[in-house]
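Novice:
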Amino acid sequence: MKTLKTRILTIPNLLFTLLLAAVLTPQSRLAAVPGYGAKMKSPLVFLCVIVIIELAYLLRSGKNEEKLKVSSDITAFVFLLLLAWEVTTRKLDIAPRIFLPPPENVFNVFVEDWDFILQGWARSMYLLLTGFTLAIIAGVILGLIVGWIPRLRRAVFPISKAVSAVPSMIYVPYIVMLLPTFTSASIFVIFLGIFFPTFMNMINRVGTIDHKIVDTARVLNAPLHSMLFRVILPYTLPRIINNLTVMLSVSVMTLTAAEMMGADRGMGYYVRKFSSEINYTKTIAGILFIALVVSLLNWFVDLLKKKLIKWNY
Amino acid sequence: MSKIELKNLCVEYSGGSGRFRALSDISLNIEDGEFVCLVGSSGCGKSTLLGVLEGLNKPSSGTAKINGKEFKGPGPERAVVFQHYSLFPWLTAKQNVAFAVTLVHKEMKKAEANAISEKYLDKVGLTGFMDKLSGELSGGMQQRVAIARALAVSPEILLMDEPFGALDAKTRVTLQKQLLELWGSENRSMTVVFVTHDIDEALFLADRIIFMEPKKIRREISVPFSRPRSQSEIFASKEYASLRSELFSLFYDDISEKINEMGGWL
Ligand SMILES: Nc1ncnc2c1ncn2[C@@H]1O[C@H](COP(=O)(O)OP(=O)(O)OP(=O)(O)O)[C@@H](O)[C@H]1O
Ligand SMILES: [Mg+2]
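Protein chains in written order, with my numbering: chain A, 2 to 314; chain B, 1023 to 1288.
1. So His-1106(B) contacts chain A; which residues on that side make the cut at Cβ distance below 8 Å?
2. Along the chain, where does the beta strand (DSSP E) that runs through Met-1152(B) open and close?
3. How would you call Ile-279(A), buried or exposed, if buried means at least 16 neighbouring beta carbons within 10 angstroms?
4. Would you list, in chain order, the members of the segment 1114 to 1144 of chain B that have their beta-carbon closer than 8 Å to a beta-carbon of chain A?
5. Is Leu-10(A) close to chain B? Criterion is C-beta to C-beta, closer than 8 Å.
6. What is the DSSP secondary structure of Lys-1087(B), reduced to helix, strand or coil?
7. Which whole-angstrom value is the C-beta distance of Pro-174(A) and Met-228(A), which I expect to be below 8 Å?
8. Can you tell me where the alpha helix (DSSP H) with Ser-250(A) in it begins and where it stops?
9. Which residues in chain B sit within 7 Å of Leu-221(A), going by Cβ to Cβ distance?
10. To be precise: take each residue of the segment 228 to 240 of chain A, compare its Cβ to all Cβ atoms of chain B, and keep it if any distance is under 8 Å. Which residues remain?
11. According to DSSP, is Glu-1178(B) part of a helix, a strand, or is it coil?
12. So Val-1215(B) and Val-1175(B) are in contact, right, with Cβ under 8 Å, and what is the actual spacing, rounded?
13. Below 7 Å on C-beta distance, what does Thr-209(A) contact in chain B?
14. For Arg-124(A), count neighbouring Cβ atoms within 10 angstroms of its own Cβ and tell me buried if that reaches 16, exposed if not.
15. Give every residue of the same chain whose Cβ lies closer than 8 Å to the Cβ of Thr-1149(B), excluding the five residues on either side of it in the sequence, and list them in chain order.
16. Terminal residues of the continuous alpha helix (DSSP H) containing Ala-57(A)?
17. Look at the alpha carbon of Arg-1041(B) and the alpha carbon of Val-215(A), and state the distance between them as a whole number of angstroms.
18. Along chain B, which residues have their Cβ under 7 Å away from the Cβ of Asp-216(A)?
19. Measuring from the CB of Lys-1128(B), is there a heavy atom of ligand 3 at a distance below 7 Å?
20. How about Val-1102(B): is its C-beta nearer than 8 Å to some C-beta of chain A?
21. Which residues bound the alpha helix (DSSP H) around Phe-189(A)?
22. Does Gly-1157(B) come within less than 8 Å of chain A when only Cβ atoms are used?
23. Helix, strand or coil, according to DSSP, for Ala-123(A) in the structure here?
24. So what's Val-295(A) in DSSP terms, helix, strand or just coil?
25. Measuring alpha carbon to alpha carbon, tell me which of Ile-146(A), Leu-193(A) and Tyr-270(A) ends up nearest Ile-1(A).
26. Whose Cβ in chain A lies nearer than 9 Å to the Cβ of Trp-1313(B)?
27. So, using beta-carbon positions, are Ile-1256(B) and Glu-1242(B) closer together than 8 Å?
28. Interface residues of chain A around Pro-1098(B) at Cβ under 8 Å?
29. If you pair each beta-carbon of the segment 100 to 112 of chain A with each one of the segment 154 to 171 of chain A, do three or more pairs fall below 8 Å?
30. Along the chain, which unbroken stretches of the beta strand (DSSP E) at least 3 residues long are found entirely within the segment 1168 to 1230 of chain B?
31. Does the beta-carbon of Tyr-1107(B), which I'm using as the reference point, lie nearer than 7 Å to any heavy atom of ligand 1?
32. Just tell me which of Asp-1153(B), Thr-1124(B), Phe-1270(B) and Leu-1173(B) has its CA closest to the CA of Ser-1211(B).
33. Helix or strand or just coil, what does DSSP make of Ala-286(A)?
34. Would you check whether ligand 2 has a heavy atom nearer than 7 Å to the C-beta of Val-1217(B)?
35. If you drop the 5 nearest sequence neighbours on each side, which residues of the same chain put their C-beta closer than 8 Å to that of Gly-1286(B)?
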């Protein structure tokens, strides 16, 4: 009996109820003022999102007490933010709704514009993953080779350090202008943004490799290709994978920046288009969508990490 | 022809503080199938000497020959066990050994290499631990895997640098016995060069003890005990006591010399 009570009377559940109540009760009177309150869209999508979060919270499983607590706190925070958003917009209308759109309208955009958004997503993912994958592969392999040859390492390292110190955002407009198509330009921009840090990281890691590992491989008569790809590469792998999360954020940032300059499709383009049309409801929806995509990608990288790194050292 | 021939060997390190001569004019022959222990106080150059045989250190002058031929770098006829645990942490025990096997037998199939790996891990008593990553093994177990890895390539020469130095006394004795058994099971055809600080270990294992002082060989002592050896028999014998006290006095000499040198300082 008591356990049932403690399971139902949780902060996330309480906030969920409050949120539902807020959505289902009438809006502020200011909404009637002409030019102030935009028309409310159907709250159905927003409600669905809330219910999905609540379901995920209720159905979450895990043996770890600590982790359960963390996920419950996260849910509580998300609900709190949504509640604050709902209250400041639809309930109090502290600013005109064109500037501060209520969550119902924003979430409804996902249904209104789903094909446009999905197309943009596919486009962006194509550019992102192409540039990202090419850069990681090139950075790792070249870094491996350059790092392994001391003379090459000493010459190349300071140069690439200087080059990589320049934030890729700075040369985005130039490259978008320079290259014939936007596709090639944005892939190239992402490539540059990821390549140099990966390359340098790799050189560093290979150059400072534990000499015991190298000595062991040498007395085992490892030829050069085994030394590079079966000893040094696995030795550096955890570092590479750990960096993927950061690299992913960097590439999303560069891509969106590039898309805001020259694209005719894509997630960043969507945000730019509607913010220049002063449609902030769609702008915010676009931003939320990008955040969601990035979170899912990071989650995927974390999964990869757990799969690939089984050893600690 | 001796298995290993070192003639007027010098090794110099060049580092931040200039050139340092670690070995000076070493001449030493080691016969086929001999078990030799290098003994001496810390810093006298044992690892440096072994490093030459491993092919990791280059002599600055003099010659080093194996089977009558000068060698450059490591070779498949030699296998090494280091003091530090030298397994690759991303591989399991079985994969570690199999990896070494495929590096020596390049055309061998994976399944065959795995079978050899299992056979040698069996021999060192790790049957139930083959699929564990090295980080999941104790120090003694890791060193057993390293021994299995070295033996699995059927080397002519086994080079060991204080392989049991980091282990507790009991594990150490167990592994010493195991090593002698393994060596015996291959008809003692393998030549072993084994570095140690531990006089008892050297007396139990070696046919010959090379006692080193800094940069040089000070004395060579034959160890006459018959094989197979049992520790309790050896420890009880008179010869053991006299050999042991001889070695101890060498160690002690070394230290008293050092103290005299320091006396000039104080
Ligand atoms: N890489 C190196 N660079 C410079 N000097 C070195 C290097 N390795 C060893 N030495 C020096 O060479 C000498 C011999 O070192 P070595 O490691 O062969 O001694 P050791 O007999 O194996 O000692 P221990 O029993 O402590 O392992 C020492 O004085 C050491 O300082
Ligand atoms: Mg040493």
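Backbone N, C-alpha and C define an ideal beta-carbon position, used for all residues, glycine too. Nothing here was measured: the structure is a model prediction, and the numbers come from that model.
Specialist: With the given structure in hand:
1. One-based indexing of the second sequence puts residue 1106(B) at position 84. Going along chain A in sequence order, the residues near His-1106(B) (Cβ under 8 Å) are Lys-213.
2. Along the second sequence, read from residue 1 onward, the residue named residue 1152(B) stands at position 130. Segment: none, Met-1152(B) is in no beta strand (DSSP E) and carries neither H nor E.
3. Indexing the first sequence from 1 puts residue 279(A) at position 278. Ile-279(A) is exposed by the Cβ-count criterion.
4. Phe-1121, Ala-1122, Leu-1125 and Val-1126
5. One-based indexing of the first sequence puts residue 10(A) at position 9. No, Leu-10(A) does not count as interfacial toward chain B.
6. Counting from one through the second sequence, the residue named residue 1087(B) turns up at place 65. Residue state, collapsed to three classes: strand.
7. Sequence index remark: in the first sequence, residue 174(A) carries index 173 (1-based). Sequence index remark: in the first sequence, residue 228(A) carries index 227 (1-based). Contact doesn't hold; Cβ gap of about 43 Å is too wide.
8. Along the first sequence, read from residue 1 onward, the residue named residue 250(A) stands at position 249. Unbroken alpha helix (DSSP H) run through Ser-250(A): 234 to 263.
9. Taking the first sequence and counting its residues from 1, the one referred to as residue 221(A) is at position 220. Here the neighbours are Ala-1122 and Leu-1125.
10. Arg-231, Val-232, Pro-235, Tyr-236 and Leu-238
11. Within the second sequence, the letter at position 156 stands for residue 1178(B). Correct three-state label for Glu-1178(B): coil.
12. In the second sequence, the residue the question calls residue 1215(B) occupies position 193. In the second sequence, the residue the question calls residue 1175(B) occupies position 153. Contact flag wrong, Cβ pair sits at about 16 Å.
13. For the purposes of this step, residue 209(A) is identified with residue 208 of the first sequence, where counting begins at 1. Those do not exist, as Thr-209(A) stays about 17 Å from chain B at its closest Cβ, beyond 7 Å.
14. Here the question's residue 124(A) lines up with position 123 in the first sequence. Buried, because 16 or more other Cβ atoms sit within 10 Å of the Cβ of Arg-124(A).
15. Within the second sequence, residue 1149(B) is the residue found at index 127, counting from 1. If we look at Thr-1149(B) and ignore the five residues flanking it on each side, its Cβ neighbours are Leu-1143.
16. On the first sequence, position 56 is the one that residue 57(A) refers to. Looking at the DSSP string, the run of the alpha helix (DSSP H) that includes Ala-57(A) is 45 to 60.
17. For the purposes of this step, residue 1041(B) is taken as the residue at position 19 of the second sequence. For the purposes of this step, residue 215(A) is taken as the residue at position 214 of the first sequence. Cα to Cα, Arg-1041(B) sits roughly 24 Å from Val-215(A).
18. By 1-based counting over the first sequence, the position of residue 216(A) is 215. Per Cβ cutoff of 7 Å: Leu-1078.
19. Ligand 3 is not among the ligands present in this structure, which contains only ligand 1 and ligand 2.
20. In the second sequence, residue 1102(B) corresponds to position 80, counting from 1. True, the Cβ-Cβ gap to chain A drops below 8 Å.
21. Position 188 of the first sequence holds residue 189(A). Here the alpha helix (DSSP H) through Phe-189(A) covers 183 to 208.
22. Locating residue 1157(B) in the second sequence gives position 135, counting from the first residue. It does: the Cβ of Gly-1157(B) has a partner Cβ on chain A nearer than 8 Å.
23. Working through the first sequence from its first residue, we reach residue 123(A) at position 122. It is helical.
24. To locate residue 295(A), count along the first sequence from 1; it is residue 294. Correct three-state label for Val-295(A): helix.
25. Outside the modelled stretch of chain A, which goes from 2 to 314, sits residue 1(A), for which no answer is possible.
26. Residue 1313(B) falls outside the range modelled here, since chain B spans only 1023 to 1288, and no answer is possible.
27. For the purposes of this step, residue 1256(B) is taken as residue 234 along the second sequence, with counting starting at 1. For the purposes of this step, residue 1242(B) is taken as residue 220 along the second sequence, with counting starting at 1. It is not a contact, given that the beta carbons lie outside the stated cut-off.
28. By one-based count along the second sequence, residue 1098(B) stands at place 76. Within chain A, the residues near Pro-1098(B) are Asn-222.
29. no
30. 1179 to 1183 and 1213 to 1218
31. Indexing the second sequence from 1 puts residue 1107(B) at position 85. The answer is no for Tyr-1107(B).
32. Counted from its first residue, the second sequence places residue 1211(B) at position 189. Ser-1211(B) has its Cα closest to that of Leu-1173(B), out of Asp-1153(B), Thr-1124(B), Phe-1270(B) and Leu-1173(B).
33. Indexing the first sequence from 1 puts residue 286(A) at position 285. Of the three classes helix, strand and coil, the one that applies to Ala-286(A) here is helix, per DSSP.
34. Against the second sequence, residue 1217(B) aligns to sequence position 195. It does: the Cβ of Val-1217(B) is within 7 Å (strictly closer) of some heavy atom of ligand 2.
35. Here residue 1286(B) is taken as the residue at index 264 of the second sequence, counted from 1. Caution is warranted here: a pLDDT of 46 is assigned to Gly-1286(B), below 50, making its placement in the model unreliable, and no coordinate value can be reported.
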